[in-house]
Each structure stands twice: as C-alpha cells, then as structure tokens.
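In my numbering, the protein residues as written are 56 to 589.
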C-alpha cells in the first residue's frame, strides 16, 4: 500500500515537483522495512526466504506456519512465531510494505476455519525477490578482500573482436533475407555475444569496486599487528601491481574495439530489438540500450572532462600505495603505539571485562599509572605563602619527551655506534654487482635483438626488462592512437610504441609469446648521463 510508513523508519519527503516518481521511489524503499532491527525481524526474514526459495511460490498462512515450525525448533525464530494467529499479521504487514502480493488460486476447504486460513494466498513481488537475493548475498560475503577477476580482461578483449565479426555476419545475412533461418541464427549468436560481454564486464567492475572499497577500509586504520603489516606488504607489492598492469595492458585494445563498434552501434541495437510479445515496459538485458554501451565505453575510454574508470583506478592505486606506505612506516618507526602494544591492550580489556568493579579500578590504575592525587614533595617557593591559588592555575611542570610520546620513564642516552661488518658489506656489494650485470646483459640482449625482434627468442631476464619499459611506455600514452616511449636512464635503453593499423608485433621468449596488435615496437640505445660516466 502506497504511503504506509513503518514505525521507526523515516522516508524522504515527497513534494509536488517530484510527483508520481517520488511516490514510487518512497514505496520501493518500504521493501527494506522488514530488514530493520526490530522485534520479530527474524520472522520476517524467514518468511521472505521461504517465498524466494522456489519459483512461483503461492502459499497460504497455514502452509507458511507449517514451514516456520522447523525454523522455530532450530532456534532461528522466537518461540510461538510459527503459530497461525501470529503468522497472519506478519503476512499482512509484508503485503502493506509491498514484499508480498495476494494470490488468486482457488482452494478446496473442508471447514470454515480451513477456508478462512487457506483462501487467502500470498506470492512474492518481483522487486522483493531482488531485495532478498541481495540480502542473502550480503550475509554470505566475508570481511576480507575480494579477488579481482583479472581473467575477464582478455575475455572482454576477445569478446569485442568476435562481436564485430558476428555483427558483420548478421548484417550481411539480414540484408539478403531477414526472415531466413541463417539470419535468425546470426542474430541469436550476436545477442549471445553481447550478453556474455556485459556479464563479464559487470563482474569485473564489481570485483574491482569491492576490492578498492576494502582497500579504503584498510587505509583508515592507524595501528596494525605485525602479521597484518606483512599481509599488507604483499597486497601492496604483488596484488595491486598485478591488477593495474593487467588493466593497463588490455585497455588499449579494448578501447580500440569499442571505438570501432561505435560507428555501427545503431545497427547493432536494431538487431537486438526486444521480442514483441514482452510488451513495451520491459526490463531489458544489459547491452540492448545506448546507455549500456556508453557506460561500458566510459569504463575504458577517457572523454574530455570525464576520465574513465581505468584512469580512476590508476589514481586510486597511487593514493593507496602512498597511504599504505605511510601506515606501515608509522607502525614500524615508533611514532605512536608500537604494533606489539595491540595484543597487550586486548589482554588488558579482557581482564577488565572479567574483573569486579573494585579490581577493575585497581587494574586500570596499575596499567596507566592513574593513582590517587598525592604530592609528597615540599611546597615550591613561589606559592609557599599563597594558599589561595588553585593548583590548575599554577605553573605547569615539564614532562619529558619519552613520557609524552612513548609512555616510557626509562633514561634515554646516546645511540650506540654502528659496528663495522666488512663481511656483510662485501656480500651485499657482490649481490648488487651480480644484479647489475644481469640487468646489463638483459639490456644488451634487447639492443641486439632490436633489428629482428620478431624472429628472436628472448631470455626471461630480457623479457622482464622489456615488459618494464613497455608498461612505462603505455602509461605515457594519452589514447589508443597516441605513441608512447620509455627510457632506462641507467642502461641507456629506449623503447617506443607507434600505432599502426594491421601491424602485429610478436615478442617471443622461453616463457611464451607476447602479441601486440596494431603497434610497432622500436628498441634503441641512447646516450644518458649515467652511461656517459662509466
């Protein structure tokens, strides 16, 4: 019933300008009323799960009462909530909120009481199914990070390429004979690829959004345990880097494919027209409207004044890396509570929770040094004859830095001298020289292979050096049709990316083959200040 507001909830006021749309929005918000922490909300939740557990559920109050008896025995609802006299008001309340609607199935009753209980049947509304489905999914979600579905990026790239081919086939067959069986099959294959593409994008966007929401939750924390610091370091160094690299690697090809499809988008939407028997007011599958394709394009392609989600992801990653580093640095440098103090405070909280009031005061005083106000020192000279000046108005006493910052009353002296360890020093220098030689060899291998890159098989180290320069060069590009370049200032190695339609560059290595479409790769040696000084 529109306009019926439950107790304890306040809905936004609807003025004359909002009109019917505002009333409709307010009535839809009432679908969430049964989820509010109120008396008997567990019963409402159990009833809604009963109606959404099967398709086309059409139940009477007696059938709902019988089904709730099991939940009552298991302790999921309160005692007495499964009685028929209690179930009927609950069902009526759900009808008022819009979660249930009256059914129309005829019943055969053996008595008047059975007729009164079974004649009124109930069904779940469409929007209520959505609400309950989201609620059950929310209750199953763990508190940790959600894995980003990175494997969907190459699938989206392939799907856009196959979609272009399917569109060309459907247009050609439709022009010859629109009503023929091959033309209908071509349109069905086209609809299948569009639906698959948008399902993949929705899942990818949801996992990215959930992962960065968890990352933002981490950034609000100030004190971390030692095991949490190690976990966040892995999250920072490994996972975020892999996610961003995958997104940046596949985005240019996806943006190019979306730009090519934009020219034939009207023809694509015409072929995906809805079935006539569904009527005019139809909730369309994603990908059947212009707004869906614009949203997909805006996720990968920048527009003037409207940066893409890929750009937002890169900026959010930069902010997250800086914030995580600051959090880890604050936790490990002593600028506040040390990470080990967290376990001590948790243990103290447990003692205080289990203690009597008198013992709790004693524990609190012993832990924080907040004893009763006593002064065993003689009165200072300045107020020896002044008995009327309150202590709060007197001069302040200096507190040492160690007590203010660390709560430590121990004496602090000069830091100890760093001991000279020539063996460790020589070992570290040898490791640094070895790593430098390996990177120099990889750079030399790349420079030697520059003239015949397609027919050269690179080593693992050379491929890693190539991928580092490739990532930097792609990050410098403003759009898919812009060139990019990157230079290793230490090795004197430069890589350039030049867009060229139809050009396919393959970088072979022992680990596999990296294919770059519509791109020409150039590698050259350059003179840098670092190499000139060698």
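A virtual CB, placed ideally from N, CA and C, is assigned to each residue, including glycine.
Assign residue i to one of three DSSP states: helix, strand, or coil.
i           : result
residue 262 : helix
residue 532 : coil
residue 360 : coil
residue 108 : coil
residue 230 : helix
residue 91  : coil
residue 317 : helix
residue 176 : strand
residue 425 : coil
residue 512 : strand
residue 519 : helix
residue 238 : helix
residue 273 : helix
residue 248 : helix
residue 377 : helix
residue 136 : coil
residue 77  : helix
residue 411 : coil
residue 340 : coil
residue 453 : coil
residue 113 : coil
residue 131 : coil
Cutting at 6 Å between CB atoms, please list the residues of its own chain near residue i, excluding the five before and the five after it.
i           : result
residue 204 : 258, 259, 262
residue 299 : 372
residue 561 : 509, 568, 570
residue 178 : 113, 156, 158
residue 224 : 241
residue 233 : none
residue 550 : 524, 528, 541, 578
residue 556 : 573
residue 517 : 497, 500, 501
From which residue to which residue does the beta strand (DSSP E) around residue i run?
i           : result
residue 445 : That residue, residue 445, is in no beta strand (DSSP E); it is neither H nor E in DSSP.
residue 578 : 567-580
residue 557 : 548-564
residue 156 : 155-157
residue 541 : 539-543
Tell me which same chain residues have a C-beta within less than 7 Å of the C-beta of residue i, skipping the five on either side of it?
i           : result
residue 227 : none
residue 130 : none
residue 565 : 512, 514, 515
residue 305 : 208, 209, 212
residue 558 : 573, 574, 575
Report buried or exposed for residue i, applying the criterion of at least 16 other Cβ atoms within 10 angstroms of its Cβ.
i           : result
residue 582 : exposed
residue 537 : exposed
residue 115 : buried
residue 368 : buried
residue 253 : buried
residue 373 : exposed
residue 543 : buried
residue 484 : exposed
residue 154 : buried
residue 579 : exposed
residue 220 : exposed
residue 120 : buried
residue 136 : buried
residue 249 : buried
residue 488 : exposed
residue 106 : buried
residue 85  : buried
residue 311 : buried
residue 391 : Note on residue 391: pLDDT 46, under 50, position unreliable in the model; the coordinate value appears next. Classification for residue 391: exposed.
residue 98  : buried
residue 147 : exposed
residue 182 : exposed
With a threshold of 8 Å on Cβ separation, who are the neighbours of residue i within its own chain once the five nearest residues in sequence on each side are excluded?
i           : result
residue 531 : 539, 540, 541
residue 419 : 407, 425
residue 403 : 418, 422
Over what stretch of residues does the alpha helix (DSSP H) that includes residue i continue unbroken?
i           : result
residue 328 : It is not in any alpha helix (DSSP H) - residue 328 carries neither H nor E in the DSSP assignment.
residue 497 : 477-503
residue 145 : 139-152
residue 125 : 116-128
residue 350 : 345-355
For the ligand FAD, is there any heavy atom lying closer than 6 Å to the beta carbon of residue i?
i           : result
residue 297 : As for the ligand FAD, it is missing from this structure, which has no ligand bound.
Taking only beta-carbon atoms, is residue i less than 7 Å away from chain C?
i           : result
residue 203 : No chain C appears in this structure, which consists of one protein chain only.
(request) Please go through the region 184-226 and give each complete alpha helix (DSSP H) segment of 4 or more residues, from N-terminal end onward. (result) For secondary structure counted as the alpha helix (DSSP H) over 4 or more consecutive residues, the region 184-226 holds no complete run.
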